[in-house]
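One structure below.
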Amino acid sequence: MDMKRMRMAPLLIALLCISPIAAEQSLDTRIQDLRQEILHLNRELFMLEEDLLFPANTQVAVFLSMDVGEFFALDSVELKLNDRVVTRYLYTPREVDALLRGGVQQLYLGNLRSGSHELVAVFTGKGPHDRDYRRATSLNFEKGIGAQFVELKISDRVSRQQPEFLVREWD
Amino acid sequence: MTSRLHRFLFATFTASALMQMPAWAQELTAGEVRDLHFGEALFHFYQNDYFTSLSRLLIAREAGRIIHHKDDAELLAGGLYLQFGMHDEAERAFRQLLDESSDPALHDRVWFQLGRAHYRQGKHEAALTALERVEGHLPAYAAAEMPLLQAQGNMALGRYAAAARLLEDWQGPADWLPYMRYNLGVALIRSGDDDRGIEQLEALGRQPARNDEDKALRDRANLALGYTWLQQSDPQRALEMLQRVRLEGASANRALLGVGWAKSALDDHAGALLPWRTLWARDRLDGAVQESLLAVPYALARLSADSEAVSAYQNALAAFDAEIRRLDAAMSAAEAGELVDALLVADDPERARWHWQLEELPLSSESRYLHALIARHGFQEGLGHYRDLLALGRHLDAWHERLETFGHLVEAQVLAAQQRAPVVDGRLAVIDAGALVARRDALAARLDAIAEGRDVVGLASDEELEFWKLLEELEAGPALAAAPEEARERHRLLKGHLLWQMDRDYGYRLWQQQRALAELDEQLAKVEPRLQRVLEIRADRPQELEALAERIDALSPRIDLLKDRVALARTEQAGQLHAMAMTWLKEQRQRLLAYQVQAHFALATLYDRAATAAPPSPVAEPGS
Numbered sequence: 001m002d003m004k005r006m007r008m009a010p011l012l013i014a015l016l017c018i019s020p021i022a023a024e025q026s027l028d029t030r031i032q033d034l035r036q037e038i039l040h041l042n043r044e045l046f047m048l049e050e051d052l053l054f055p056a057n058t059q060v061a062v063f064l065s066m067d068v069g070e071f072f073a074l075d076s077v078e079l080k081l082n083d084r085v086v087t088r089y090l091y092t093p094r095e096v097d098a099l100l101r102g103g104v105q106q107l108y109l110g111n112l113r114s115g116s117h118e119l120v121a122v123f124t125g126k127g128p129h130d131r132d133y134r135r136a137t138s139l140n141f142e143k144g145i146g147a148q149f150v151e152l153k154i155s156d157r158v159s160r161q162q163p164e165f166l167v168r169e170w171d
Numbered sequence: 172m173t174s175r176l177h178r179f180l181f182a183t184f185t186a187s188a189l190m191q192m193p194a195w196a197q198e199l200t201a202g203e204v205r206d207l208h209f210g211e212a213l214f215h216f217y218q219n220d221y222f223t224s225l226s227r228l229l230i231a232r233e234a235g236r237i238i239h240h241k242d243d244a245e246l247l248a249g250g251l252y253l254q255f256g257m258h259d260e261a262e263r264a265f266r267q268l269l270d271e272s273s274d275p276a277l278h279d280r281v282w283f284q285l286g287r288a289h290y291r292q293g294k295h296e297a298a299l300t301a302l303e304r305v306e307g308h309l310p311a312y313a314a315a316e317m318p319l320l321q322a323q324g325n326m327a328l329g330r331y332a333a334a335a336r337l338l339e340d341w342q343g344p345a346d347w348l349p350y351m352r353y354n355l356g357v358a359l360i361r362s363g364d365d366d367r368g369i370e371q372l373e374a375l376g377r378q379p380a381r382n383d384e385d386k387a388l389r390d391r392a393n394l395a396l397g398y399t400w401l402q403q404s405d406p407q408r409a410l411e412m413l414q415r416v417r418l419e420g421a422s423a424n425r426a427l428l429g430v431g432w433a434k435s436a437l438d439d440h441a442g443a444l445l446p447w448r449t450l451w452a453r454d455r456l457d458g459a460v461q462e463s464l465l466a467v468p469y470a471l472a473r474l475s476a477d478s479e480a481v482s483a484y485q486n487a488l489a490a491f492d493a494e495i496r497r498l499d500a501a502m503s504a505a506e507a508g509e510l511v512d513a514l515l516v517a518d519d520p521e522r523a524r525w526h527w528q529l530e531e532l533p534l535s536s537e538s539r540y541l542h543a544l545i546a547r548h549g550f551q552e553g554l555g556h557y558r559d560l561l562a563l564g565r566h567l568d569a570w571h572e573r574l575e576t577f578g579h580l581v582e583a584q585v586l587a588a589q590q591r592a593p594v595v596d597g598r599l600a601v602i603d604a605g606a607l608v609a610r611r612d613a614l615a616a617r618l619d620a621i622a623e624g625r626d627v628v629g630l631a632s633d634e635e636l637e638f639w640k641l642l643e644e645l646e647a648g649p650a651l652a653a654a655p656e657e658a659r660e661r662h663r664l665l666k667g668h669l670l671w672q673m674d675r676d677y678g679y680r681l682w683q684q685q686r687a688l689a690e691l692d693e694q695l696a697k698v699e700p701r702l703q704r705v706l707e708i709r710a711d712r713p714q715e716l717e718a719l720a721e722r723i724d725a726l727s728p729r730i731d732l733l734k735d736r737v738a739l740a741r742t743e744q745a746g747q748l749h750a751m752a753m754t755w756l757k758e759q760r761q762r763l764l765a766y767q768v769q770a771h772f773a774l775a776t777l778y779d780r781a782a783t784a785a786p787p788s789p790v791a792e793p794g795s
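For the record, the sequence lines run as chains Z and Y. Be aware that the first sequence starts at 1, since it is given in my numbering, and climbs by one per residue. Be aware that the second sequence starts at 172, since it is given in my numbering, and climbs by one per residue.
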């Protein structure tokens, strides 16, 4: 009698009992191993790429982070190093969301010789009251022998109801 | 087709939504990120790019760039391994955290994650054991999720009473309440406490729904209740529950079928025809719809409308026959074609696996039958693996190309270094740091002497010095002595004035010179190490380039090997998926064949009844 099939037990089983398929186990394990090996390989490849293209003694990396973002909706950033545009980045909503949730974007990775340098970042987006907003911030820094990390940070200055654009060097 | 599949998938998702919630991810968002590279891993993670996130995290960790978020990084790595289906690695990461930290809050988080990891692997005992180690330091969202997880684990092990106890004491966000109530109702009924279970489901079944998910869950509660009452031979109450289910939705077809059976049980066979005939117009792949093809003639026969019943059975037979032919065609197509690749035609490779479910099915003859199969966890999981393997293959292809470029780059650098070497050597040859230092020392000695003797002339400007020398020469020569008194007086005045002027500026000039010397010292201090670095680079660069070339040479065959293994695993995975699909299609076919037998049997009974013109004997219920 098919009625039996329609009774509650299969419905509940279908709803609650989720288990992997036994027959897949060995392939599953092998796929796990493959993923692990590819991850290791990937790590080595990234490190090779960094050593080759951006060796530590000349490496400079610029990161971008956001804090809150109530007074500024980010559209794009233009980055200049020593008056030369090194990157222009247009953000997708998913990237902005990732930034707002605490993610930090590596905006630029390049090489600079040791000595004095100037970094200028121009932020474009929507400011308070949905108005077009464009603001620049700059940093003069001394590039030493090791890798140089710089963070651009967009945060809300609640007291002024305005966004704030900060830039700082990391040790 | 798409919306239909979506409904199916949705049904699965709602049931496991709580389990899939990335609680550990929520926690990572709390507080300021104090390591840029940890934040970078989060940036990719929040975009569901888990592979890049995990790769970045591993690199940053190895390079010692994560200082403040070591535990968070390990927890994130464990969670990412888990999301990536690397359960063993996830467990290793979590256990390492347990070994290395004595923070009870961290221990709780780790045990919780381990419990979730085991649960997802179907290791329910291990999951419950891990969750028992949690001591009460979990953040609120995880503390709310934990009893739900424990309850699901207990239910999976058939311990319904324990699950019900956990759920009865549960406290958590209001929007989780419908799921909790549904599971509680189920646990109570399965533990034998029907009254209280039904009470929970009834409460849920009457509850106002705020969104589609709530509505779907409410439908499920009413559907479950309806069939429970049918099972308990209370068709009136069953009818009441089943009629609450929406006419459109994942539960609608089974509800309509049940409404028909409830009416039939109440001897309202004419009333049963309406919901069953409604089902006729719906997708004939659905089990409830297929059963309605037999239920309608059954009701007609019970109403003694034998000729209409015969006609309906014949229609049903024709419908089953057509469906079987389509299934045969689908099986042939699946055997011949690339079933799995066809399923992934509408797939977006950029979407991460976590939220990935196959929501768009191509309209091929075989895929039409697979929606129910695809909604199953096992098939989804397998398809997810297949999709990951495709992505990994593409990833390896991309690295293969880049590695070739790196190889060319290193070759070009070796060549450039060889060409530059004579120029660099030539420049280095003319740099004599020792001579520079000697010149500086001479200058310093001279300045010391000037300061010691307050030699104001020693610090004179070029113009003053020239003038001073002229005056000195005049004084030493015979001409001045022979000159008139007025001229000698003028010479004396000029010399006095010049001396006074140099004396006036002496202090400032001495300070200026001393400062210039200090600056010179500063520059000179940099010259030596800079020169040393240049010499080192000059000496080391060939070896560095050679080492890079060796690394490239070593990595290249590894990529090729892994590409082969990925391709092999993908083929095997496709084979497994194909086998699952074929099994499913055969099951569908078997069911239709069984329905056909029932229809033939019922038809024979009706023909016998007509031939003998005997008093009506009951036609067997479909499925009996």
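Ideal Cβ placement from N, Cα and C applies to all residues, glycine included.
Give the interface partners of A98 of chain Z over in chain A, defined as CB-CB distance under 7 Å, in chain order. Absent from the structure is chain A; the protein chains it does hold are Z and Y.
Buried or exposed: I369 of chain Y, going by 16 or more other Cβ atoms within 10 Å of its Cβ? Position 198 of the second sequence, counted from the start, is the residue given in the question as residue 369 of chain Y. Within a 10 Å sphere around the beta-carbon of I369 of chain Y sit 16 or more other beta-carbons, which makes this residue buried.
Between the beta-carbon of Q105 of chain Z and the beta-carbon of L64 of chain Z, is there less than 8 Å? Counting from 1 along the first sequence, the entry for residue 105 of chain Z is found at position 105. Counting from 1 along the first sequence, the entry for residue 64 of chain Z is found at position 64. Against a cut-off of 8 Å, the Cβ pair of L64 of chain Z and Q105 of chain Z comes out as a contact.
If you compare alpha carbons, which of Y:Q414, Y:S435 and Y:M502 is closest to S404 of chain Y? Working through the second sequence from its first residue, we reach residue 404 of chain Y at position 233. Comparing Cα positions, the closest option is Y:S435.
Kindly identify the DSSP beta-bridge partner or partners of Q59 of chain Z. By 1-based counting over the first sequence, the position of residue 59 of chain Z is 59. Answer is Z:N111, bridged to Q59 of chain Z.
Just the Cα atoms here: how many angstroms apart are F772 of chain Y and Y469 of chain Y? Counting from one through the second sequence, the residue named residue 772 of chain Y turns up at place 601. Counting from one through the second sequence, the residue named residue 469 of chain Y turns up at place 298. Each residue's alpha carbon lies about 12 Å from the other.
According to the neighbour-count rule (16 or more other Cβ atoms, all chains shown, within 10 Å of its Cβ), is N424 of chain Y buried or exposed? Position 253 of the second sequence holds residue 424 of chain Y. Looking at its Cβ environment, which holds 16 or more other Cβ atoms inside 10 Å, N424 of chain Y is buried.
With a cut-off of 8 Å on the beta carbons, I'd call G103 of chain Z and F214 of chain Y a contact; round off their distance for me. Sequence index remark: in the first sequence, residue 103 of chain Z carries index 103 (1-based). Sequence index remark: in the second sequence, residue 214 of chain Y carries index 43 (1-based). The pair is a contact, with the Cβ atoms about 3 Å apart (cut-off 8 Å).
Give me the Cα-Cα distance between P728 of chain Y and N42 of chain Z, rounded to the nearest whole angstrom. The residue given as residue 728 of chain Y occupies position 557 in the second sequence. The residue given as residue 42 of chain Z occupies position 42 in the first sequence. Between the alpha carbons of P728 of chain Y and N42 of chain Z lies a gap of roughly 14 Å.
First and last residue of the uninterrupted alpha helix (DSSP H) at A436 of chain Y: The residue labelled residue 436 of chain Y in the question sits at position 265 within the second sequence. In the DSSP annotation of this structure, the continuous segment of the alpha helix (DSSP H) that includes A436 of chain Y starts and ends at A423 to A436.
Report the residues of the stretch 755-777 of chain Y with a CB closer than 7 Å to any CB of chain Z, ordered along the chain. none
Can you say whether E462 of chain Y is buried or exposed, counting buried as having 16 or more other CB atoms within 10 angstroms of its CB? Here residue 462 of chain Y refers to the residue found at position 291 when the second sequence is read from its first residue. With 16 or more other Cβ atoms within 10 Å, it is buried.
State the CB to CB distance for the pair A288 of chain Y and A314 of chain Y, rounded to an integer number of angstroms; the pair is presumed to be in contact (CB under 8 Å). What you label residue 288 of chain Y is simply residue 117 of the second sequence in a count that begins at 1. What you label residue 314 of chain Y is simply residue 143 of the second sequence in a count that begins at 1. Their Cβ separation, rounded to whole angstroms, is 18 Å, which puts A288 of chain Y and A314 of chain Y out of contact at 8 Å.
To the nearest angstrom, how far is the alpha carbon of Q59 of chain Z from that of A276 of chain Y? The residue labelled residue 59 of chain Z in the question sits at position 59 within the first sequence. The residue labelled residue 276 of chain Y in the question sits at position 105 within the second sequence. About 38 Å.
Reduced DSSP category for G176 of chain Z - H, G, I as helix; E, B as strand; rest coil: It is not possible to answer for residue 176 of chain Z, since the shown part of chain Z is limited to 1 through 171.
Using 8 Å as the cut-off, can you tell me whether the stretch 83-100 of chain Z makes contact with the stretch 29-40 of chain Z, which would need three or more C-beta pairs spanning the two stretches below that distance? Contact between the stretch 83-100 of chain Z and the stretch 29-40 of chain Z is absent, because fewer than three Cβ pairs lie under 8 Å.
Just to confirm the assignment: which complete alpha helix (DSSP H) runs, minimum length 4, are found wholly within the stretch 293-346 of chain Y? 295-303, 311-327 and 331-339
Does the distance from the CB of L166 of chain Z to the CB of S155 of chain Z come in under 8 Å? In the first sequence, residue 166 of chain Z corresponds to position 166, counting from 1. In the first sequence, residue 155 of chain Z corresponds to position 155, counting from 1. Taking C-beta atoms as the reference points, L166 of chain Z and S155 of chain Z count as a pair closer than 8 Å.
What first and last residue would you give for the beta strand (DSSP E) that runs through R381 of chain Y? Reading the second sequence from its first residue, position 210 is the one you call residue 381 of chain Y. From DSSP, R381 of chain Y is part of no beta strand (DSSP E); its letter is neither H nor E.
Using a Cβ-Cβ cut-off of 6 Å (strictly less than) and excluding sequence neighbours within five positions of R263 of chain Y, which residues of its own chain qualify? Position 92 of the second sequence, counting from 1, holds the residue named residue 263 of chain Y. Closer than 6 Å at the Cβ level, and outside the excluded window around R263 of chain Y, lies no residue.
Name, going along the chain, the residues of the stretch 63-96 of chain Z whose beta-carbon falls closer than 8 Å to a beta-carbon of chain Y. F63, S65, D67, R94 and E95
Which of helix, strand or coil DSSP assigns to E70 of chain Z: To locate residue 70 of chain Z, count along the first sequence from 1; it is residue 70. Three-state result, E70 of chain Z: coil.
DSSP on A782 of chain Y, reduced to helix/strand/coil? Along the second sequence, one-based indexing puts residue 782 of chain Y at 611. Helix, per DSSP.
I'd like the span of the beta strand (DSSP E) that includes D626 of chain Y, first residue to last. Your numbering for residue 626 of chain Y matches position 455 in the second sequence. Premise fails: D626 of chain Y is in no beta strand (DSSP E) and is neither H nor E.
Please tell me whether T137 of chain Z has its Cβ less than 8 Å away from any Cβ of chain Y. As a position in the first sequence, residue 137 of chain Z is number 137, starting the count at 1. Under the 8 Å criterion on CB atoms, T137 of chain Z is classed as non-interfacial with respect to chain Y.
Which residues in chain Y have a C-beta closer than 8 Å to the C-beta of F165 of chain Z? List them in chain order. For the purposes of this step, residue 165 of chain Z is taken as residue 165 along the first sequence, with counting starting at 1. Near F165 of chain Z there are no residues of chain Y at all, since even the closest Cβ is about 17 Å away, more than 8 Å.
Terminal residues of the continuous alpha helix (DSSP H) containing L418 of chain Y? In the second sequence, the residue the question calls residue 418 of chain Y occupies position 247. Element bounds for L418 of chain Y: n/a, residue is neither H nor E.
Within chain Z, partners of Q744 of chain Y - CB distance below 8 Å: Here residue 744 of chain Y refers to the residue found at position 573 of the second sequence. The answer, in chain order, is L27 and I31.
Interfacial residues, the stretch 99-122 of chain Z to chain Y, with Cβ spacing under 8 Å: If the cut-off is 8 Å between Cβ atoms, the stretch 99-122 of chain Z has L99, R101, G102, G103, V104, Q105 and Q106 near chain Y.
Using DSSP with H/G/I as helix, E/B as strand and the rest coil, what is I154 of chain Z? Taking the first sequence and counting its residues from 1, one reaches residue 154 of chain Z at position 154. Residue state, collapsed to three classes: strand.
Could you name the residues of the same chain whose beta carbon sits closer than 8 Å to that of W447 of chain Y, not counting the 5 residues immediately before and after it, in chain order? Taking the second sequence and counting its residues from 1, the one referred to as residue 447 of chain Y is at position 276. Cβ neighbours of W447 of chain Y beyond the five flanking positions: L427, L428, G431, S463, A466, V467 and A470.
In chain order, what residues of the same chain have a beta carbon less than 7 Å from the beta carbon of W570 of chain Y, not counting five sequence neighbours either side? Here residue 570 of chain Y is taken as the residue at index 399 of the second sequence, counted from 1. Counting only Cβ-Cβ distances below 7 Å, and skipping sequence neighbours, we find I730.
With a threshold of 8 Å between beta-carbons, can M257 of chain Y be considered close to chain Z, or not? For the purposes of this step, residue 257 of chain Y is taken as residue 86 along the second sequence, with counting starting at 1. So, interface residue.
Can you name the residues that DSSP bridges to F149 of chain Z? The count along the first sequence starts at 1 and reaches residue 149 of chain Z at position 149. According to DSSP, F149 of chain Z bridges with Z:A61 and Z:W170.
Answer yes if the stretch 565-583 of chain Y comes into contact with the stretch 654-673 of chain Y, meaning at least three C-beta pairs across the two stretches below 8 Å, and no otherwise. no
Check the C-beta distance from A505 of chain Y over to A745 of chain Y and give it rounded, since I have them as a contact under 8 Å. To locate residue 505 of chain Y, count along the second sequence from 1; it is residue 334. To locate residue 745 of chain Y, count along the second sequence from 1; it is residue 574. Rounded, the Cβ-Cβ distance is 12 Å, inconsistent with contact.
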